[in-house]
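Take a look at the structure set out below.
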Amino acid sequence: MKSEENKFADVPLRVKTWIYIIIVFALGISHPLSMVLFVSWIGLQSCFEFSKMFNLRANPVISSILIGITQFYLLFYLNIEHYLLYSSLLGLLIVLYFLVLKSSKDQLYGLTIALLVSLFSFPHLYWIRDSIHGLHSIIFIVVVTELNDVFQYLTGKFFGKHKITPQTSPNKTLEGLIGGVFLTTILSNILGYFLLKTNILTNSILGLTLGLSGFFGDIFISYLKRKTGVKDTGNLLPGHGGLLDRVDSLIFNAPLFFWIFPLLIKN
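Using our numbering, the first residue of the sequence shown is number 38, and each one after it goes up by one.
This is the structure we're talking about:
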C-alpha cells in the first residue's frame with residue numbers, strides 16, 4: 038500500500054504547477070503580440086536549459102537573452118520564409134562562434150540541437166497562432182499535446198508493466214503509450230469537432246500522429262538528459278522540472294501540426 042501511495046505522491050504538486058502553466062499559456066496566446074513574446078521566452082528559456090545541460094562555453098543567461106531578443110524581432114517583423122532564412126544565418130554564426138572557442142563535439146552537438154529547437158521548432162507555435170484557424174489551432178495543438186503526456190503518465194502509472202525504453206526513460210511503458218494515444222485520439226475528435234470543425238478521419242489522424250510524435254519528443258529529451266547526466270533540464274516548474282521537461286512533446290508536434298494540418302483539410 039505504501040508503494041502505491043508513493044507512486045502518486047508527486048501528483049498534487051504537479052497539479053498545482055499545472056494551474057500556473059495554464060494561466061501563463063492563456064495570457065501568452067491571448068494576443069498576437071503576447072504570442073511573439075511568449076514564444077521568444079520559450080526559446081530563451083530553452084537555450085538557457087540546453088546551455089546548462091551541455092556546459093556551453095558562454096554565459097548562459099546573457100547568450101539566452103540575446104537569442105530571445107533576436108528571435109522576438111525576427112518573428113515580429115518577418116514572414117515565415119524570411120524568418121527561416123535569417124534565423125538559419127543567426128544559427129550558423131553562433132555555431133561558428135563556438136567553433137572559434139574550440140568547443141568540444143558534445144558541446145557543439147548540444148548547441149546545434151538547442152538552436153534547432155529554439156529557433157525552428159517552437160516558432161511554429163506562433164505561426165500556428167497566426168494561421169487561418171488562429172486561436173483555435175493553438176489551443177488544439179497545445180491541449181492535445183499536453184494532455185497526451187498526462188494520459189500516458191496516468192495510464193502508465195495505473196497499468197504500466199512492459200517498459201519500452203528502460204535505458205532512456207525507465208518510466209515509459211507500452212501500456213502507457215497505447216492508453217495515452219487512444220485517449221488522445223478521442224480528445225482530438227472532441228476538440229477537432231468544436232475548435233477546428235474537421236471530420237472524424239482528420240481528427241483521428243491528428244490524434245494518432247500527435248500522440249506518437251509527442252511520445253518521441255519526450256523520449257528525445259530523455260535521451261539528452263541521460264547523455265548529459267541530469268535528472269531534469271531545470272527547476273523552473275516544481276514537480277515537472279525545467280521548461281523542456283514540460284514542452285518536450287511540442288518539439289516535434291508543433292512543426293508536424295503546422296505542415297500537415299493544411300494538407301489534411303484540403304483533402
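Backbone N, C-alpha and C define an ideal beta-carbon position, used for all residues, glycine too. Since this is a predicted model, take the numbers as computed values, not measurements.
Would Y163 be called buried (16 or more neighbouring beta carbons within 10 Å of its own) or exposed? With 16 or more other Cβ atoms within 10 Å, it is buried.
Among S286, D282, H277, the one whose alpha carbon lies nearest that of L50: Comparing Cα-Cα distances from L50 to each of S286, D282, H277, the minimum goes to H277.
Report yes or no: do the stretch 193–205 and the stretch 230–240 share at least 3 C-beta pairs separated by less than 8 angstroms? At 8 angstroms Cβ cutoff, the stretches do not touch.
Can you name, in chain order, every residue of its own chain whose Cβ lies under 7 angstroms from the Cβ of I104, other than the five neighbours on each side? So the qualifying residues of the chain are G80, L81, C84, S155.
Could you check which residue in V180, L247, E86 has the C-alpha nearest to that of I215? Its Cα nearest to that of I215, the residue L247 stands out among V180, L247, E86.
Give every residue of the same chain whose Cβ lies closer than 8 angstroms to the Cβ of N272, excluding the five residues on either side of it in the sequence, and list them in chain order. The answer, listed in chain order, is G278, G279.
Classify E86 as buried or exposed, calling it buried when 16 or more other Cβ atoms lie within 10 Å of its own Cβ. Of the other Cβ atoms in all chains shown, 16 or more fall within 10 Å of the Cβ of E86; this residue is therefore buried.
Ordered list of beta strand (DSSP E) runs contained in the stretch 162–211, each at least 3 residues: List check, beta strand (DSSP E) in window: 200–202, 206–210.
With DSSP collapsed to three states, give me the class of L273. For L273, the three-state secondary structure derived from DSSP is coil.
Comparing C-alpha positions only, which one of S225, D186, I223, L224 sits nearest to T210? Nearest option by C-alpha distance: D186.
Excluding five sequence neighbours on each side, which residues of the same chain lie with their C-beta closer than 7 angstroms to the C-beta of I242? If we look at I242 and ignore the five residues flanking it on each side, its Cβ neighbours are L301.
Touching by the beta-carbon criterion (3+ pairs, under 8 angstroms), the stretch 281–288 and the stretch 256–267: Flag = yes, the stretch 281–288 and the stretch 256–267 touch.
Per-residue DSSP class, three states only, for G254: Correct three-state label for G254: helix.
Do S88 and S77 have their C-beta atoms closer together than 8 angstroms? The answer is no: Cβ separation not under 8 angstroms.
Would you list the residues sitting across from G213 in a DSSP beta bridge? Under DSSP, G213 shares a beta bridge with no residue.
Range covered by the alpha helix (DSSP H) that runs through Y110: Residue range 97–114 is occupied by the alpha helix (DSSP H) that includes Y110.
Three-state secondary structure (DSSP) of G128: Helix at G128.
Please determine, among S225, K303, F188, I237, the residue with the shortest C-alpha to C-alpha distance to F252. Closest option to F252, judged by alpha-carbon separation, among S225, K303, F188, I237: F188.
Does DSSP put G147 in a helix, in a strand, or in coil? It is helical.
If you compare alpha carbons, which of L153, E212, L129, L220 is closest to T182? It is L220.
So, G244 versus S225, is the Cβ gap smaller than 8 angstroms? Cβ distance < 8 angstroms, so G244 and S225 count as in contact.
Around the Cβ of K268, are there at least 16 other Cβ atoms within 10 angstroms (buried) or fewer (exposed)? Flag for K268 reads exposed.
Could you tell me how far apart the beta carbons of S158 and I288 are, in whole angstroms, since I believe they sit closer than 8 angstroms? About 5 angstroms; that satisfies the 8 angstroms criterion.
Reference A151; option with closest CA among K139, I175, S124, D167: Considering only alpha carbons, the answer is S124.
Mind checking F294: buried by the 16 CB within 10 Å criterion, or exposed? Buried: at least 16 other Cβ atoms inside 10 Å.
L228 burial status per 10 Å Cβ neighbour count (16 or more: buried): Classification for L228: buried.
Reduced DSSP category for G65 - H, G, I as helix; E, B as strand; rest coil: Helix.
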